[in-house]
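Peer 1: Structure incoming, see below.
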């Protein structure tokens, strides 16, 4: 992941996440019971976004995530720092 600020109030960010599973297929256990394969196998997710600092302690952001399974997420939000 990384962040880049082009001035005091504005920032771009991005990250790449990936995972693997112990096995992508169902595995027999002793007694010939077949277990369900692990759900997250070989997923890659990429996120890009922008943030803006409106006031000291108040920051809004929006991010767009996509993964290799075709899922796309729009993630708006804000952070508020109370001191």
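In this note's numbering, the protein residues as written are 1 to 83.
Heads up, the beta-carbon is just placed ideally off N, CA and C, and yes, glycines get one too.
Please classify residue 49 as buried or exposed, where buried requires at least 16 other C-beta atoms within 10 Å of its C-beta.
Peer 2: Along the chain shown, one-based indexing puts residue 49 at 49. Buried: at least 16 other Cβ atoms inside 10 Å.
Peer 1: Quick check on the burial criterion: 16 or more other C-beta atoms within 10 angstroms. Buried or exposed for residue 51?
Peer 2: In the chain shown, residue 51 corresponds to position 51, counting from 1. It counts as buried.
Peer 1: So residue 81 and residue 63 are supposed to be a Cβ contact under 8 Å. How far apart are they, rounded?
Peer 2: Working through the chain shown from its first residue, we reach residue 81 at position 81. Working through the chain shown from its first residue, we reach residue 63 at position 63. That belief does not hold up - the Cβ atoms of residue 81 and residue 63 are roughly 19 Å apart, past 8 Å.
Peer 1: From the DSSP output, read off the bridge partner residues of residue 46.
Peer 2: For this step, residue 46 is matched to residue 46 along the chain shown. DSSP lists 16, 66 as partners of residue 46.
Peer 1: State the beta-bridge partners of residue 72 as determined by DSSP.
Peer 2: The residue given as residue 72 occupies position 72 in the chain shown. Answer is 66, bridged to residue 72.
Peer 1: Take residue 77 and list the residues in its own chain whose beta-carbon comes closer than 7 Å to its own, dropping the five residues that flank it on each side.
Peer 2: As a working note, residue 77 is residue 77 in the chain shown. Taken in chain order, the residues that qualify are 61.
Peer 1: From residue 119 to residue 2, what distance separates their C-alpha atoms?
Peer 2: Only positions 1 to 83 of the chain appear in this structure, which leaves residue 119 out of reach.
Peer 1: Quick one: what does DSSP say residue 9 is sitting in, helix, strand or coil?
Peer 2: In the chain shown, counting from the first residue as 1, residue 9 sits at position 9. Reduced to three states, the DSSP call for residue 9 is coil.
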